[in-house]
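Chains as they are written, first to last, in the numbering used here: chain A, 1 to 115; chain B, 1001 to 1110. Encoded as structure tokens, the structure appears first; notes follow it.
Now the structure itself:
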């Protein structure tokens, strides 16, 4: 009964490169949420997706960041032309469709370091 | 919008009781959650309140007052392993999305 799976656990990129972060939700979950956590800070909401749909992207930076959750395969958070300020832990959580009972369960995160 | 406040840091002694407060001002409300996060790890779910009152779960309890926009997490019989950040989060009316406070870093000393 695997939980939310994220990979890679650690990712190092040079300034200007692209970063791709993957999230496989728990079995049966069709909703995915991405959060970013800067060092010594709380989690900041980025984007909420369902299969093939972006529901809420109010927390996404306007440029360089994009997210998708295709019909098949994991959700991808893509950061183009990374800068040092993108260095953070990126956490993914998933939930069943329109359920307000269970709390969100998070994956172990991807720690992005931009050099 | 959502505004969630909690103290940045707290220190307590092993075996003691500590209360971590959280106040919130939100446009919608459908539950308040507490998560524990050890350094470098994922947040793990601790407790959840949607109605006013106290929810008890072993050494951990959480209280909610919706009219005051206030919650606290109570940790009893503190252990060294309880040293972690404690995150307060509010769920809005739209579903499962959580908005988090900045977290309270708790240090437990011998």
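Every residue, glycine too, gets a C-beta built ideally from N, C-alpha and C.
Asked: Which value, in whole angstroms, describes the spacing of the CA atoms of residue 1019 (chain B) and residue 103 (chain A)?; Found: 22 Å
Asked: Per DSSP, what kind of secondary structure is residue 73 (chain A) in: helix, strand or coil?; Found: coil
Asked: Starting from residue 1013 (chain B) and walking both ways along the beta strand (DSSP E), at which residues does that stretch end?; Found: 1009-1013
Asked: Based on Cα-Cα distance, which residue from B:1031, B:1045, B:1027 and B:1017 lies nearest to residue 1087 (chain B)?; Found: B:1045
Asked: Look at residue 1104 (chain B) and residue 1090 (chain B) and say whether their C-beta atoms are less than 9 Å apart.; Found: no
Asked: In angstroms, rounded to a whole number, what distance separates the CA positions of residue 1114 (chain B) and residue 1012 (chain B)?; Found: Since the displayed chain B opens at 1001 and closes at 1110, residue 1114 (chain B) lies outside it and no answer follows.
Asked: Is residue 5 (chain A) helix, strand or coil by DSSP?; Found: strand
Asked: With a cut-off of 9 Å, does the C-beta of residue 27 (chain A) fall near any C-beta of chain C?; Found: The structure shown contains no chain C; the protein chains it does contain are A and B.
Asked: Given that a residue counts as buried once 16 or more other Cβ atoms are within 10 Å of its Cβ, and exposed if not, what is residue 117 (chain A)?; Found: Because chain A spans 1 through 115 in this model, residue 117 (chain A) falls outside it and cannot be assessed.
Asked: Return yes when the Cβ of residue 68 (chain A) is within less than 9 Å of the Cβ of residue 139 (chain A), no when it is not.; Found: This structure does not reach residue 139 (chain A), given that chain A is present from 1 up to 115, and the question cannot be answered.
Asked: Under 7 Å, CB to CB, which of the residues in the stretch 32-49 of chain A have a partner in chain B?; Found: 33, 41, 42, 43, 45 and 48
Asked: Run through chain A and tell me which residues come within less than 8 Å of residue 1099 (chain B), C-beta to C-beta.; Found: 45
Asked: Report the rounded CA-to-CA distance for residue 31 (chain A) versus residue 107 (chain A), giving the unit in angstroms.; Found: 14 Å
Asked: Count the other CB atoms, across all protein chains shown, that sit within 10 Å of the CB of residue 9 (chain A); report buried if there are 16 or more and exposed otherwise.; Found: exposed
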